[in-house]
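K.L.:
Throughout the sequence shown, residue numbering follows mature numbering (1 follows the signal peptide of the UniProt record, and there is no 0), covering -24 to -1, 1 to 170 in sequence.
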Amino acid sequence: MSTWTCKGAAAAAVLLLAGCDELAGLPSGPGAAPRVTRIALAEGDVVLAAPSGYCIDPRSVQRGRDGFAVIARCDTLGMGRTPAARDLALITAATQPATTAAQPDARTIASAKPSARLAARRTIGGRPYLLLADPGHKVDGASPTHWRTAFVLNGQAVGLALYAGDGSDTLGPGGARLLAETAEATRAASADGS
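(1) Quick one: what does DSSP say L136 is sitting in, helix, strand or coil?
(2) Counting pairs of beta carbons, one from the stretch 123 to 136 and one from the stretch 72 to 81, are three or more of them closer than 8 Å?
(3) Since I believe A45 is in contact with L24 (beta carbons under 8 Å), could you give me their beta-carbon distance rounded to a whole number of angstroms?
(4) Keeping to the same chain, check which residues put their C-beta closer than 7 Å to that of A109; ignore five residues upstream and five downstream.
(5) Could you pull out every residue in the same chain whose Cβ sits closer than 7 Å to the Cβ of T146, ignoring the five residues on either side in sequence?
(6) When DSSP labels each residue in this structure, what does S166 get in the three-state scheme?
(7) Going by C-alpha to C-alpha distance, which of T162, R98 and A69 sits closest to D42?
(8) What beta strand (DSSP E) runs, 3 residues minimum, are completely inside the stretch 108 to 135?
(9) Quick one: residues in its chain with C-beta nearer than 6 Å to the C-beta of G(-17), no 5 flanking neighbours on either side, listed in chain order?
(10) For A26, collect the residues of the same chain with a Cβ closer than 6 Å to its Cβ; drop the 5 residues on either side in sequence, then sort them by chain order.
(11) Going by beta carbon distance, what residues of the same chain come within less than 6 Å of P80, once the five residues before and after it are set aside?
(12) Pick out whichever of L17, V22, T52 and H113 has its Cα sitting closest to the Cα of R39.
(13) Assuming the contact rule is C-beta atoms closer than 8 Å, L107 and I85 should be a hit. Round their C-beta distance to whole Å, please.
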């Protein structure tokens, strides 16, 4: 599960996120890039689906047996406007072949970040969502606290993590709900093959 820890693309995207406020007014008209809200990972076994108001950064996508992608608010990626109600946050998704069909429990998810301390835990739809405080996570613009979850889907272990700036509402219960929205959209998209 080392794929879930840190990727250079995630760090670069967090740095991009730190300066996103000035991009919020991008037009959603003809000059905007097309919205990418679904993308196949893990050789097509997982269809990653972004939550409402968020898009997948196509520059971040790594395909193959081990997949990776970054999800951010659409306006920060130049893909049109996003409702103001959506907080700035960055979601990373990583896939790798699952070693078991069992769904990961909180202990398994936390073990991907052994240096982190459990700050909060939520259960949504029977799946654990962990808020981890990791003093070793030092990226400009990002809080050392982040949400994390994981699940097994179509033979793939899927890890999701949500990063935001200090003081962001997404570091509260809203972050767990946003990850749950991403997980459920991904499960639905992967089931219907779209």
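All C-beta atoms in this analysis are idealised placements derived from N, C-alpha and C, irrespective of residue type, glycine included.
All values derive from a computational prediction rather than experimental measurement.
P.N.:
In brief:
(1) strand
(2) yes
(3) 6 Å
(4) Same-chain partners within the cutoff: A92, R93, A95, P120 and T121.
(5) D63, A65, L138, A140 and L154
(6) Taken through DSSP and simplified to helix, strand or coil, S166 comes out as helix.
(7) A69
(8) 121 to 129
(9) The pLDDT assigned to G(-17) is 39, lower than 50, so where the model puts this residue is not dependable, and the model offers no usable value.
(10) T13, I32 and I47
(11) Sequence-distant partners of P80 (beyond 5 residues in either direction) whose C-beta falls short of 6 Å from its own C-beta, in its chain, are A126.
(12) L17
(13) That belief does not hold up - the Cβ atoms of L107 and I85 are roughly 11 Å apart, past 8 Å.
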